[in-house]
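Okay, so here's the structure we're looking at.
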Amino acid sequence: MSDIEKIHTGIPELDQVLRGGLPRQRIHLIEGRPGTGKTTIGLRFLIDGAEKGERCLYISLSETVEELQATARSHGWSLDGIDVREVVPAESQLERQQSVLFPSEAELSQTIGAITDTIQERQPVRIVIDSMSELRMVANDPMRYRRQIVALKRFLLQQDCTTLLMDDLTDEPRQFDLQGTVHGVITLDQREREFGAARRRLRVVKMRGAEFQSGWHDFAITSSEIYVFPSLIAEEHQGQRTREAVTSEVAELDAMLCGGLVRGTSAMILGPTGVGKSSLALQYANVAAERGEHVAYFAFDETKDTLLDRANGLSMRAGGAIDSGNIFWERINPTRITPGEFIWKVRRQVEDHDAAVVVIDSLNSYLETMHEEMALMLQMHELLSYLANQGVLSLLIVNQSGVLQDVRDTLDVGFISDTVILLRYFEAEGSVRKAISVVKKRPGRHETSIREFSLTSQGMSVGERLEDFQGVLTGVPRIASGP
């Protein structure tokens, strides 16, 4: 572990990524295209310092004080306690025809001098300089720019302050590279989806002498705050729950599972639309809530009213459990959320509320949160490993295409779960009926039988084995031949 002293950024989850915060009295670069959130992060860093009674200075080379105050007001923040100074690059003070009087070396030196004079006057503990692209334009030469930046770095290190430099990456190709000069680099990225809200991400490129969590991390800027969602590393989180059986209180279903589902495992419920997948998951959620356990139910596909109507129709008391908080229910809009934010929501229910059961309804819609994202299944696998380490029973609902014949699992994701429960429609004796079977259970034995499954006003029931039929899972069975 590094013993370097850290300073908080004002964003707790970013401090987690940084393993405690930014190294104190060092120079760090926040880089990203315009609109990625650099100024907002810089303001939050200074507001955190001002709240702690530290002297804070924002040096703006591009935006006016009024513009920065407007940005702060849009988030409900106050800049009280933060000294905001505008430093206008020398070149922009003159008309184009007069610029011959100020060669770029003198212009850059004059601008750097204005910055250092302001810092010496105010003696701040935290500094933000926004943005370095303005200095690049004044320098107009890579070597000249680098010399001045190295001089600025030496000056800042003598001031016992922690500095954030902002860079908007407008130079192409990257000939003015700040990354080698500073101690730490954080890159911001914003990607537009084919439909829905843009996705913001950040990663720590380097942090000299300090530990950090590598890789990309989703983050969001809301009307009042900045939230970072550290990518999940399951092996860093271990829980204490025992791997005991969890009953559904439907005796025949528990018998099919040879005692029930197991804590610390994941169960996938597959079947065509309307066959009863969500109702089966709700049965486990309702029973767990009645035991006094906390349940987290994340619904991508249906509203709370629809869920309550289903529960009431099956004589389940889920509404009371939701009102009491034993069942946490949240509607997830897949067009407005990132994968990292969703995983963070699940973690908060486990770590803050000790959730024993987590329901994701459905996995199909989760995979649509970022249609072009190639690592979604890896993230889900990591989430299930994390939940297993915490001793949580995870229920994943997967919708299959088709109704009777030619029912297909278009996702082909059964491999990521420990147990697979298959629901099917089948036609028999002039009516459409339902069947249930357990086709996989890693932690222990299970029945290989196919039983009839039904939902009534009295609740859920699982019948006897369908021994009189063959080909039930094809949707159109035939009468079994005699001995």
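Quick note: the sequence shown, position 444, residue 461 per the numbering used here, numbers continuous.
Don't be surprised by glycine CBs; every beta carbon is placed ideally from N, CA and C.
Does residue i pass the burial test, meaning 16 or more other C-beta atoms within 10 Å, or should it be called exposed?
i	result
R364	buried
S448	exposed
H370	exposed
N329	exposed
P247	buried
E112	Bear in mind that a pLDDT of 43 at E112, under 50, signals an unreliable position, so the number given afterwards is only what the model happens to contain. Flag for E112 reads exposed.
P494	buried
F236	buried
E211	exposed
I496	exposed
D527	Since the displayed the chain opens at 18 and closes at 500, residue 527 lies outside it and no answer follows.
A214	exposed
L395	exposed
R171	exposed
T57	buried
G408	buried
Using DSSP's beta-bridge definition, name the partner residues of residue i.
i	result
T436	A284 and K458
H398	DSSP, once it has assigned bridges, lists no residue as partnering H398.
H370	In the DSSP output, where bridge partners are listed per residue, H370 has none listed.
E84	None; E84 has no bridge partner.
F470	V479
M224	G201
I507	Absent from the structure is residue 507, since the part of the chain shown begins at 18 and ends at 500.
V263	L278
Q207	R217
I99	C73
Q417	P289
Y314	W346 and V376
Using a C-beta cutoff of 8 Å, does residue i count as contacting chain D?
i	result
L393	In the displayed structure, chain D is absent; only one protein chain is listed.
What residue from the options has the CA that sits closest to residue i's CA?
i	options	result
R462	V82, G276 and P51	G276
A67	T81, R36 and I144	I144
D378	A89, T187 and L413	L413
D32	I339, L401, L219 and E484	L219
P141	T128, R153 and V101	V101
I349	R280, Y314, L401 and M273	Y314
D185	G52, T179, A131 and S265	G52
A251	A214, N157, L278 and M397	M397
Y301	M477, V34 and E48	M477
A306	E269, L274, G226 and V263	V263
S240	V455, R61 and K457	R61
T179	Y244, G59, P289 and E228	G59
E253	E399, K457 and Q417	E399
L125	L85, L78, H92 and V82	L78
E368	Y403, E269 and E228	Y403
V155	Q127, I344, A316 and A372	Q127
V34	V202, V104 and S466	V202
From residue i to residue j, what does the alpha carbon distance come to, in whole angstroms?
i	j	result
W233	V374	28 Å
R50	D206	7 Å
L118	S148	Low confidence applies to L118: its pLDDT is 42, below 50, so where it sits in the model is not reliable, and the reading given next is rough at best. Cα to Cα, the separation comes out at about 25 Å.
R327	N381	21 Å
I129	R139	16 Å
Q115	W94	Its pLDDT being 45, under 50, Q115 is placed unreliably by the model, and the measurement read from it follows with that caveat. So the alpha carbons of these two residues sit roughly 41 Å apart.
T259	R334	27 Å
A298	L324	11 Å
L46	K294	49 Å
A338	K55	43 Å
A445	F470	14 Å
W346	R459	29 Å
S434	R450	27 Å
I28	E261	38 Å
T501	E30	The structure shown does not extend to residue 501, since the chain is modelled only from 18 through 500, so no value can be given for it.
K223	V430	36 Å
T26	F432	40 Å
K23	G357	25 Å
L63	G342	37 Å
G226	D134	30 Å
Q176	D20	21 Å
L384	L401	15 Å
E464	F486	17 Å
Q137	S231	35 Å
D340	S91	33 Å
E319	D65	40 Å
L410	I132	57 Å
I360	R216	15 Å
V479	M273	10 Å
I453	L483	10 Å
Three or more beta-carbon pairs under 8 Å between the stretch 197-211 and the stretch 162-176, yes or no?
Segments in contact, yes.
Pair every Cβ in the stretch 71-80 with every Cβ in the stretch 37-46, then say whether three or more of these pairs are closer than 8 Å.
Contact between the stretch 71-80 and the stretch 37-46 is absent, with fewer than three C-beta pairs closer than 8 Å.
On the three-pair Cβ rule with 8 Å, is the stretch 432-441 touching the stretch 284-291?
Contact between the stretch 432-441 and the stretch 284-291 is present: three or more C-beta pairs spanning the two stretches fall below 8 Å.
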